[in-house]
């Protein structure tokens, strides 16, 4: 299998009824595979932002972008390489943890800056937001303890701010 | 003082404001409120017999007039019935606006009577669609719908109007600028000067350039610009199925239709060219054959108003996003400039005499050709088209999909643009009759001949009732071979003549009786010597539709042919060139080998071929 080359598309859309269906429908219709999709409001109530992650080794990104631009409700698409952007994702993960194992799990979460969202008799729910790779890593470490459920938001991203040029 | 009217009145008034003069439609429950103010409007309403007819009529109307066609239908089945023409218009970039009733707002999503998720269903097959949830929005939505349908790459727009929104009152207003509230819709129409310069550098240097003219030329009203470009540069053009007539077939630089059933010269000149100048064409698979083998030595200049078409199928060396007319005009201007510079430098222009001689040699060696019938009762479809064309050279011609469509595109000599109306991308059987009705409504002074197959005719023939009742005198030539002819051709060639579910009967229905039952004149042609006299009779009737049942040879195949998925180097010329009708299942088609420039290549040999002759009528 080819190495994955993830690319993030930040799509600014008009906040109109059906706009999510338009984008999802287009992606399905043209046979584009996407890794994740996150939708949310922006600072301006007439626009929403959709963040799509695609694997460049599997799909023709230029065609996706051109086809998305054909949708009347799509205003602007920004393409990010992972290095050019700040990317974050939120994960909730429920781990089996009896009281005696609980501190091992909490320790792992703290290493990654995670928080305890809920504690039960024999399980614990962790909350972690951060770069998507960190979420993957924590999940790998929690796996031996017994992960019962995971919910992830899909990543959101914004372009990195321009740094002062040093001459 | 506020002008207080109902949503339905606002809808009809909005249609008047955008210049609509004809609506094709049929009422039903959810669209009843809209039909009431139509009574008081100067807009002509054509009452169709099926919603599919309304959609294709709207398409035909567009082609004949250049103005967007409008269809009005009810909710649920009204919309599902018109999905085919909407999709057809989407594939062929035809601007139509379809307005449909919907159940009342509160009932949407409740599985109400005649409720269907029509907004969702039309989403992937329209350029854009709307659902109007507030009567105050109606004028702006209608203005936007026509703006979107007719600008940029044209296409169908669908508007869903819930019944109670049509009843609700609103204060009439009209938006000054239909694009004002469409922040995501700004089509690029002006070509980039740097790209134009690069394109002309390739054009002036090319030894074997060919213009690949597509339907975008007609959408941009760029036929004159195309002719100027070809004449100025001396470059030949092929005109695709969607662009027949964009350059006159009588023009010495016109090579006719390329593609699967295109002329040998059109196909081969593209294959051998070193520069394809694609103008409003999209490298459709019926044109390219196997893409990897298509025009392998050619660089590509590609002009299209839709950026997504550029480098979608074939990488463009010089992509230009622009309206075709503006782009061609810019190319001409830049060409003049570069030619002046060349003359100042004292350089000779590139010598294309060998290439032009090669094209002439192909043209004279491999024209469209068929084997005439050996009995008077064997009427060849090509002959019918030649005689129809001779009798009505300025007619608008519509066609459905299949053999008759290819014969019509090959044999009709299109001398002007906008005289050929057919379903290209979607390949919709049943397109021709309603499209002809729509074209005749848009062009009442023209003769409109619908060239149809018997299979196609049976899909939408009831619209001849509409034509009779509304006084729309279209003429229908049924090329009746009693078969789904193109499917038969493929079963003959690729399925060892195993005919599966393709026989329709030439005798049932009785087309003459059927025509008369629908209020049309009906004629039947059984022999070659009846062809001209019956055409003359049909031409003389102008007060009602005419149907002519031409009983044609069921065994006739369309040639030339490049089998699907094969290289365009392997054009099969057919029996008129002494090639047996080859058994092409498997790897049958022998590739055509390329000869030196300036000599005519021999037609390919098919050593293992055998004739597949029809065993006679059923």
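Residue numbers (our numbering), protein chains in the order written: chain A, 1 to 167; chain B, 1 to 618.
From the three backbone atoms N, C-alpha and C, an ideal C-beta is built for every residue, glycine too.
Here the structure is a predicted model, which means the values were calculated and not measured.
Host beta strand (DSSP E) of residue i (start-end)
| i | result |
| --- | --- |
| residue 487 of chain B | Unbroken run through residue 487 of chain B is the alpha helix (DSSP H), 485-494; no beta strand (DSSP E). |
| residue 480 of chain B | 475-480 |
| residue 319 of chain B | 318-321 |
| residue 18 of chain A | Segment: none, residue 18 of chain A is in no beta strand (DSSP E) and carries neither H nor E. |
| residue 41 of chain A | 36-41 |
| residue 101 of chain B | 96-102 |
| residue 20 of chain B | Residue 20 of chain B -> no beta strand (DSSP E), and no H or E assigned at all. |
Close beta carbons around residue i, own chain, < 6 Å, minus the five adjacent residues each side
| i | result |
| --- | --- |
| residue 151 of chain A | 92 |
| residue 37 of chain A | 52 and 154 |
| residue 153 of chain B | 93, 305 and 306 |
| residue 260 of chain B | 286 and 562 |
| residue 434 of chain B | 53, 56, 57, 460 and 463 |
| residue 515 of chain B | 522 and 547 |
| residue 594 of chain B | Because residue 594 of chain B sits at a pLDDT of 40, beneath the cut-off of 50, its placement in the model cannot be relied upon, and the following sentence gives the value as read from the coordinates. Once the five neighbours on either side are set aside, residue 594 of chain B has no close Cβ partner at all. |
| residue 58 of chain A | 33 |
| residue 399 of chain B | 405, 408, 422, 432 and 451 |
Counterpart residues of residue i in DSSP-defined beta bridges
| i | result |
| --- | --- |
| residue 389 of chain B | DSSP, once it has assigned bridges, lists no residue as partnering residue 389 of chain B. |
| residue 89 of chain A | A:130 |
| residue 301 of chain B | B:277 and B:318 |
| residue 622 of chain B | Given that chain B is displayed from residue 1 to residue 618, the structure contains no residue 622 of chain B and the question cannot be resolved. |
| residue 169 of chain A | No information on residue 169 of chain A is available, as it lies outside the stretch 1 to 167 that chain A covers here. |
| residue 118 of chain A | A:125 |
| residue 149 of chain A | A:94 |
| residue 25 of chain B | B:47 and B:72 |
| residue 12 of chain A | A:49 and A:76 |
| residue 239 of chain B | B:213 |
Boundaries (first-last residue) of the alpha helix (DSSP H) holding residue i
| i | result |
| --- | --- |
| residue 17 of chain B | 7-17 |
| residue 56 of chain B | 51-65 |
| residue 82 of chain B | 77-91 |
| residue 272 of chain B | 264-272 |
| residue 119 of chain B | 118-122 |
| residue 685 of chain B | One cannot answer for residue 685 of chain B here, as it falls past the ends of chain B, which runs 1 to 618. |
| residue 288 of chain B | 285-288 |
| residue 248 of chain B | Element bounds for residue 248 of chain B: n/a, residue is neither H nor E. |
| residue 335 of chain B | 324-345 |
| residue 358 of chain B | 353-365 |
| residue 38 of chain B | 32-38 |
Cutoff 7 Å; reference residue i; Cβ partners in own chain excluding five residues on either side
| i | result |
| --- | --- |
| residue 207 of chain B | 274, 350, 352 and 355 |
| residue 4 of chain B | 169 and 171 |
| residue 573 of chain B | 264, 366, 559, 560, 579 and 603 |
| residue 63 of chain B | 418, 421 and 439 |
| residue 293 of chain B | 567, 568 and 569 |
| residue 18 of chain A | none |
| residue 295 of chain B | 270, 271, 273 and 276 |
| residue 401 of chain B | 423, 427, 428, 429, 431 and 456 |
| residue 175 of chain B | 139, 140 and 143 |
| residue 108 of chain A | 138, 141 and 142 |
Cβ-based neighbour list, residue i, same chain, cut-off 8 Å, excluding 5 preceding and 5 following
| i | result |
| --- | --- |
| residue 130 of chain A | 88, 89, 112 and 113 |
| residue 148 of chain A | 94, 95, 96 and 123 |
| residue 98 of chain A | 122 |
| residue 16 of chain A | 73 |
| residue 77 of chain A | 9, 10, 11, 12, 65, 68 and 69 |
Any non-hydrogen atom of the ligand HEM closer than 7 Å to residue i Cβ
| i | result |
| --- | --- |
| residue 171 of chain B | Looking at this structure, you won't find the ligand HEM or any other ligand, since it has none at all. |
Given 8 Å as the limit, is there contact between the segment 22-37 of chain B and the segment 191-202 of chain B, that is, 3 or more CB pairs closer than that? Contact fails between the segment 22-37 of chain B and the segment 191-202 of chain B, because fewer than three Cβ pairs, one in each stretch, are under 8 Å apart.
Are at least three pairs of beta-carbons, each pair with one atom in the segment 261-274 of chain B and one in the segment 565-578 of chain B, less than 8 Å apart? The count of Cβ pairs closer than 8 Å, one atom from the segment 261-274 of chain B and one from the segment 565-578 of chain B, reaches three, so the stretches are in contact.
The segment 367-386 of chain B contacting the segment 408-418 of chain B, beta-carbon criterion three pairs below 8 Å: Contact between the segment 367-386 of chain B and the segment 408-418 of chain B is established, with three or more Cβ pairs separated by less than 8 Å.
I'd like the ranges of any beta strand (DSSP E) spanning at least 3 consecutive residues and lying wholly in the segment 145-226 of chain B. Entirely contained in the segment 145-226 of chain B, the beta strand (DSSP E) runs reaching 3 residues are, in chain order, 157-162, 169-171 and 209-213.
Would you list, in sequence order, the uninterrupted alpha helix (DSSP H) runs of no fewer than 4 residues that lie entirely inside the segment 398-459 of chain B? You should have 403-411 and 432-442.
Completely contained beta strand (DSSP E) runs for the segment 502-580 of chain B, where each covers 3 or more residues: Segments of the beta strand (DSSP E) lying fully in the segment 502-580 of chain B: 521-525 and 546-551.
Spell out a yes or no on whether the segment 368-378 of chain B and the segment 344-356 of chain B are touching, meaning 3 or more CB-CB pairs, one atom from each, closer than 8 Å. The segment 368-378 of chain B vs the segment 344-356 of chain B: no contact.
Determine, using beta-carbon pairs with one atom in the segment 235-245 of chain B and one in the segment 210-217 of chain B, whether at least three such pairs fall under 8 Å. In short, these stretches touch, since the Cβ pair count reaches three.
Which full runs of the beta strand (DSSP E) of 3+ residues lie inside the segment 54-102 of chain A, going along the chain? DSSP runs (the beta strand (DSSP E)) wholly in the segment 54-102 of chain A: 74-80 and 85-96.
Could you check whether the segment 306-324 of chain B touches the segment 65-73 of chain A, counting it as contact only if at least three pairs of C-beta atoms, one from each stretch, sit closer than 8 Å? Yes: at least three Cβ pairs fall under 8 Å.
Chain C contacts made by the segment 123-134 of chain B, where a contact means CB separation under 9 Å: Absence of chain C from the displayed structure is noted, the protein chains being A and B.
So, does the segment 547-558 of chain B touch the segment 245-258 of chain B, judging by three or more C-beta pairs under 8 Å? Too few Cβ pairs lie closer than 8 Å, so no.
Spell out a yes or no on whether the segment 6-16 of chain B and the segment 58-68 of chain B are touching, meaning 3 or more CB-CB pairs, one atom from each, closer than 8 Å. The answer is no - the segment 58-68 of chain B does not touch the segment 6-16 of chain B, with fewer than three Cβ pairs under 8 Å.
Counting pairs of Cβ atoms below 8 Å between the segment 155-164 of chain A and the segment 115-134 of chain B, do you hit three or more? As far as the Cβ criterion goes, the segment 155-164 of chain A does not touch the segment 115-134 of chain B, which means the pair count is below three.
Tell me, please, whether the segment 172-182 of chain B touches the segment 213-230 of chain B by the rule of three or more beta-carbon pairs shorter than 8 Å. No: the two stretches stay apart, fewer than three of their Cβ pairs being nearer than 8 Å.
Count the CB pairs spanning the segment 122-133 of chain B and the segment 157-168 of chain B that are closer than 8 Å, and state whether there are at least three. Yes, the segment 122-133 of chain B touches the segment 157-168 of chain B.
Are the segment 528-539 of chain B and the segment 500-508 of chain B touching, with three or more C-beta to C-beta distances below 8 Å? Short answer: they don't touch.
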